[in-house]
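Read through the structure below, which is laid out as structure tokens, and then see the notes.
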Amino acid sequence: MDLKSELLKSVWYAFTSLDVEQSGKVSKSQLKVLSHNLYTVLNIPHDPVALEEHFKDNNNGPVSSHGYMPYLNKYILAKVTDGTFNKEIFDELCWTMSSKKNCKPSVQQGLCSQRDCFKLFCLFNLLSEDCYPLVIIQPELEYLLKKISSAMSLEWDSTLLEELLAQNVDLQDGVSVWEFLEHLSAGQLLHVESKEAFSLAVDEVFMEMYHSIIKKGYLVKKGHVRRNWQERWFVLKPGSLIYYVAEDLKEKKGEILLEESSVVESVPDKEGRRCLFCVKTSVRTYEMSASNLKQRVDWMQAIQTAFRLRAEGKSSLHQDLKLSRRKQRETLQRSQSNQSTHNEPSAVEVSQHSAPEQQGETESLEQHIESIIQKQREVEAKRKEEEKQEHEKQQAIQRDLEKQLEEAKEANEKMTVTLTEMEKEVQQHKKRINELELTQVKLEEALNTQIHARLEEDRARQELERQLAEEQKKLADLLLLQQQMEMASVRVEPQISDDTSVEAPPISQHAEESSQQNTGEPLIPEMTFASTPPNIQQPEESHQNNTERELENQSSSTQMMKHWKIQLNRLMKPIAPGDKVEHLPVKSGCPRKGHALTSTEFISKVQTGTATPPQQQEE
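Heads up: the sequence shown begins at 2 in this note's numbering, then just goes up one per residue.
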């Protein structure tokens, strides 16, 4: 069936829906609206004047379907090009216009939803006969119901359809689409366990038959650039092999155009991949891997079928299968009619034969009929056996799938428990990490505090060391000054001794006392000054006290130095002439009679003189 005949079936439903009075005619205003919608969905230029010009002699009266057909064929269907419009949108427009009038509300309240009814409407038009009004005959209806049952992994029970046809004799000649939807939604054609499974099955059959999908499924494909193997969802059509990321068909990855020169070949196992085959086109070679050998054979046969359909110029596999089934039915009907004509003798022949001959012919006819019946029984038994084996195979597959589903559920539960435990562990680890981070912050704060304290201690210790170094330097300078003073005093002593031995008489104890009274300052022995060094090794904790003590010692040392200088200046003063100074008698206790004392001797003498009691001084 060509594209024009397919479109005409949907247009017929839209035209009849506008015939409210069921007179076979529709007003021109309604046909204008219908034509405008058809122009839009078929993506062809709209010609608003063509309808008026075509029916200008019709006196603005209603137009019959026979009157609308020439306009439809000339101005609409003749301009349609395959591939320039979406046929599903076109059928949905015609379904929307016709379902409001013809589809009963009880249909959508039953098994079929609104979307399921539209898909079944499209499948019905695909399998219906090419005569109007459109009906579907029993073999094609059985074929459709078997496809839906197989998609639900169920065995189709023909008793429901037989009972329905027995109760409604009018349905034996054909079932309309509205009757089909009504009885299917009421559960009178199929045993359905759930509406969800039925909807999924209808969608699968719709994609396969309506969208001309020969085969679909997962294959592992080798990349062209990266040369790695990726799993893709493949959809095979008569003219192309399209592959997607997943079966939801949201992300298309590429398309293999099946040309006349394209071939499909098996490939030896390599790179750790098994069940390989390739599709060679004029552009490149596509390498793919199936899950097992059976899948590889099925895919290769399906691709060969696509090559054959493209070579024959056919766009749908199911259209080709429909024509094959129709030819088989016509051949069977002709053979049955020919057989019935040969098996029925005419009345003239019967009258000419004798009774034994007639009996022999009757027996041979009965034997022939019996052989035909036997053959039919054998064929039926074989068919039932094949159906039984197929049913057992489907049940085995279903059990395997159920087992795999149970295993997947158990694995999912285990994975859920594992994930829950892992989440708990993650929470505990996060809590522990937070505690450790808080502890780290506290330790860092304590470490920073300790570092600042240590730095303060270092600065204080450096300051103390600096002060101590300064004091040690001052002490070294003081000791050096003391040594210089001692050396100076040692150099002065010989001069004093020489001067006193030549010019001055010895100095008496009274003169020493008077000099002490005049100055008011006692003489400090040299050994006393030298014997009082400052204590420079003090603990760091009492550094301030040590500093004050050193300052006091320094001030006292300075005072003592002043006293020593005064005494030294007095000793270096020249003695006046002897006639003017009363010479005191030299005591017998003087260690050097008639000579002047040295500074050291004089100081020791003074110390001993001060230590004697007053009575001795008066003597």
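We put the CB at the ideal spot given by N, CA and C, even for glycine. Here the structure is a predicted model, which is why all the values come from computation and not from measurement.
When DSSP reads this structure, Glu266 sits in a beta bridge with Cys279.
By the neighbour-count criterion, in which a residue is buried when 16 or more other Cβ atoms sit within 10 angstroms of its Cβ, Glu141 is buried. Under the three-state reduction of DSSP output, Met208 falls in the helix class. Between Ser290 and Leu277, the C-beta spacing is below 7 Å. Counting the other Cβ atoms within 10 Å of the Cβ of Met153 gives 16 or more, which makes it buried. Listed in chain order, the beta strand (DSSP E) runs fully inside the region 130-164 amount to none, counting runs of at least 3 residues. In the DSSP secondary-structure assignment, Arg233 is bridged to Leu220. Cβ contact annotation for Ile304 (same chain, cutoff 6 Å, sequence separation greater than five): Val265, in chain order. In the three-state reduction of the DSSP assignment, Ser490 falls in the helix class. The way I'd put it, the region 218-228 doesn't touch the region 168-184; fewer than three beta-carbon pairs between them come closer than 8 Å. Excluding residues up to 5 positions away in sequence, Asp117, Lys120, Leu121, Ile149 lie with their Cβ nearer than 7 Å to the Cβ of Val203 in the same chain. Residue pairing by DSSP places Arg462 in no beta bridge whatsoever. Checking the DSSP bridge columns, you'll see Thr286 partnered with Lys281.
Across the set Glu549, Val418, Glu426, Lys563, the C-alpha of Lys563 shows the shortest separation from the C-alpha of Met486. Contact between the region 156-172 and the region 83-92 is absent, with fewer than three C-beta pairs closer than 8 Å. Here DSSP, grouped into helix, strand and coil, assigns Ile214 to coil. For the pair Leu94 and Asn38, the CB atoms are nearer than the 7 Å cut-off.
Boundaries of the alpha helix (DSSP H) harbouring Leu182: 178-186, taken from the DSSP string.
When the five nearest sequence neighbours on each side are left out, the beta carbons in the same chain lying within less than 6 Å of the beta carbon of Tyr14 are those of Cys95, Ser99, in order along the chain. Looking at the DSSP output, Ile257 sits in a beta bridge with Leu242. Residue environment for Ala312: exposed (fewer than 16 other C-beta atoms within 10 angstroms of its C-beta). In the structure shown, Arg227 falls within a coil segment according to DSSP collapsed to helix, strand and coil. The three-state reading of DSSP puts Val108 in helix, counting H, G and I together.
In the displayed model, Val21 falls within coil according to three-state DSSP, outside both helix and strand. According to DSSP, residue pairing for Lys271 in a beta bridge involves Arg274. For Asn126, the enclosing alpha helix (DSSP H) covers residues 115-128. Taking 7 Å as the cut-off, the Cβ atoms of Leu135 and Val193 do not count as close. Ser241 is a Cβ neighbour of Leu258, given a cutoff of 7 Å.
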